[in-house]
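Chemist:
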Amino acid sequence: MYQGWVLWLVIDRFYRRLRIASRFNRLQHRLQAFSGLRRCRGKRMSHSNFSLSFVASATEEAQTAMEALKGVYGNTPFEEAEVIVALGGDGFMLQILNETMNSGKRVYGMNRGSVGFLMNDYRVEGLLERIAVATGNDFHPLRMTTTDSDGDEFTALAMNEVSLFRQSHQAAKLRVEVDGKVRLEELICDGMMVATPAGSTAYNFSAHGPILPLESPLLALTPVSAFRPRRWRGALLPNKVTVDIHVLERDKRPVNAVADHTEVKSVRHVRIAQSQDRTARILSDPDRSWSDRVLAEQFNN
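Rendered as structure tokens:
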């Protein structure tokens, strides 16, 4: 009787150990599978692990956002980063695009300013995934070459527009040539501009110029408060042309020229052409593409 009970106890412990071992093996397999799944997920996400450099405008809102993002994603020095994340408004974005010209760096903007047409919505979470699926667009800036009243030449680039405007209470008088052919012998106005598709929604649109799709090979030539010819409302030009604007009666009617934020005073001649050898790259969320933004802007009140 006693021997039988001992034998039963030994057999019972043996099977208990088998069950425990079996459960342990199953648990181990599950852990290995889970670990493998995590490794696979890591591989799928690795394409999103871009090196990021965060830059921000001087506003408190932009600076606070930059510190929050650095805390989550770290920060790579500007010169070494693949993607520059710009926090601010459109003016700050234009500055960063100029700084990254021809560098191969891509610029992803998030709106922390007053105007954010060029920017994506601001969110801290999911930034790597958003950049991974973002749509890239290449921009070729306008090159402005001016000759001032002293005969000195100056060159600047503009992502949005090159504009001329009167310096005094006197209206400006301008002669406009396109590819060497005079198109307007005399335009009396407050000013005029040549705008890129990217800039067509900015100053150009405020001056009642047309909004251009981003992919269109066009430039907008738009007057500001044209007095003569009274019915002239501007023109659409191929983006390969060169526009020359001559200031008439420049001593009596001085004119300044501006390439985005770079101003030259008292110009007598301005040449404007798209710079095909200069490229800036900007990223936009696929659910807020440039085409969508341009379309929405035309229906905003």
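Numbering-wise, this note's numbering comes out as the position in the sequence shown, counting from 1, plus 5.
Where is the CB? At the ideal position from N, CA and C, for every residue including glycine.
Small disclaimer: the values here were computed from a predicted structure and weren't measured.
(1) Going by C-alpha distance, which of ALA86, GLY79, PRO82 and LEU123 is nearest LEU92?
(2) Would you tell me roughly how many angstroms separate the C-alpha atoms of LEU242 and VAL183, rounded to the nearest one?
(3) On a Cα-Cα basis, can you pick out the residue from VAL60, GLU72, GLY94 and ALA73 that is closest to ALA86?
(4) Please report how far the alpha carbon of ALA212 lies from the alpha carbon of VAL229, in whole angstroms.
(5) Work out the CA separation of VAL199 and SER168 for me, nearest whole Å.
(6) Compare the C-alpha of ARG236 against each of ARG258, GLU254, CYS194 and PRO259 and name the closest.
(7) CB-CB under 7 Å to LYS257, same chain, minus the five flanking residues each way: which ones, in chain order?
(8) Can you name, in chain order, every residue of its own chain whose Cβ lies under 7 Å from the Cβ of THR206, other than the five neighbours on each side?
(9) What residues in its chain sit with their C-beta under 8 Å from that of LEU223, if we drop five residues either side in the sequence?
(10) Buried or exposed for PRO82, please, with buried defined as at least 16 other CB atoms from any protein chain shown within 10 angstroms of its CB.
(11) Quick check on VAL90: does DSSP put it in helix, strand or coil?
(12) Which same chain residues, not among the five before or five after THR247, have their C-beta less than 8 Å away from its C-beta?
(13) Considering only C-alpha positions, which residue in the set ALA161, MET71, SER62 and THR140 is nearest to ARG283?
(14) Going by C-alpha to C-alpha distance, which of ARG128, VAL269 and PHE232 sits closest to ALA73?
(15) Shortest alpha-carbon distance to GLY109 belongs to which of PHE210, LEU226 and ASN142?
(16) Going by C-alpha distance, which of GLU254, SER296, LEU57 and GLU104 is nearest ARG171?
(17) Quick one: Cα of ASP155 to Cα of GLY196, how far?
(18) What are the boundary residues of the alpha helix (DSSP H) that includes THR69?
(19) Report, in whole angstroms, the separation of the C-beta atoms of ALA67 and ARG135, which I expect to be a contact under 8 Å.
(20) Which one of ARG111, GLU84, SER296 and GLU190 has the shortest CA to CA distance from PRO234?
(21) Counting along the chain, where does the alpha helix (DSSP H) carrying ALA137 start and finish?
(22) Let me confirm a value: ASN261 is counted as buried when at least 16 other C-beta atoms fall within 10 Å, else exposed. Which label applies?
(23) What three-state label does DSSP hand ALA301 in the structure shown?
(24) Under the rule that 16 or more other beta-carbon atoms within 10 Å means buried, what is PRO291, buried or exposed?
(25) State buried or exposed for ASN165, treating a residue as buried only when at least 16 other CB atoms are found within 10 Å of its CB.
(26) Contact defined as beta carbons within less than 8 Å: I believe LEU147 pairs with ALA264. What is the distance between those atoms, to the nearest angstrom?
Modeler: Here's the rundown:
(1) Considering only alpha carbons, the answer is LEU123.
(2) Cα to Cα, the separation comes out at about 9 Å.
(3) Nearest C-alpha to ALA86: VAL60.
(4) Rounded to whole angstroms, ALA212 to VAL229 spans 6 Å at the Cα level.
(5) Roughly 6 Å separates the two Cα atoms.
(6) Nearest C-alpha to ARG236: CYS194.
(7) Within the same chain, LYS257 has close Cβ partners GLN175.
(8) When the five nearest sequence neighbours on each side are left out, the beta carbons in the same chain lying within less than 7 Å of the beta carbon of THR206 are those of PHE122, ILE216, VAL299 and GLU302, in order along the chain.
(9) The residues are PRO202, LEU217, LEU241, LEU242, PRO243 and ASN244.
(10) Taking all protein chains shown into account, PRO82 has fewer than 16 neighbouring C-beta atoms within 10 Å of its C-beta and is therefore exposed.
(11) VAL90 falls in the strand class under three-state DSSP.
(12) In chain order, VAL183, ASP184, GLY185, ARG276, ILE277 and ALA278 place their CB closer than 8 Å to the CB of THR247, counting only its own chain and leaving out the 5 sequence neighbours on each side.
(13) Nearest neighbour of ARG283 by Cα position, chosen from ALA161, MET71, SER62 and THR140, turns out to be ALA161.
(14) Restricting attention to ARG128, VAL269 and PHE232, the CA atom closest to the CA of ALA73 is found in ARG128.
(15) Checked all of PHE210, LEU226 and ASN142; the closest Cα to GLY109 is ASN142.
(16) With distances taken between CA atoms, ARG171 lies nearest to GLU254 out of GLU254, SER296, LEU57 and GLU104.
(17) Straight-line Cα distance between these residues: approximately 21 Å.
(18) If you look at THR69, you'll find it in the alpha helix (DSSP H) that goes 65-78.
(19) With a Cβ gap of about 18 Å, ALA67 and ARG135 do not count as contacting.
(20) Ranked by how close their Cα comes to the Cα of PRO234, the residues ARG111, GLU84, SER296 and GLU190 have GLU190 in first place.
(21) Here the alpha helix (DSSP H) through ALA137 covers 132-138.
(22) Buried is the call here.
(23) The answer is helix: DSSP assigns ALA301 an H, G or I state.
(24) Taking all protein chains in view, the Cβ of PRO291 is surrounded by fewer than 16 other Cβ atoms within 10 Å, so the residue is classified as exposed.
(25) With at least 16 other beta carbons inside 10 angstroms of its own, ASN165 counts as buried.
(26) Going by Cβ atoms, the distance from LEU147 to ALA264 rounds to 7 Å, so yes, they are a contact pair.
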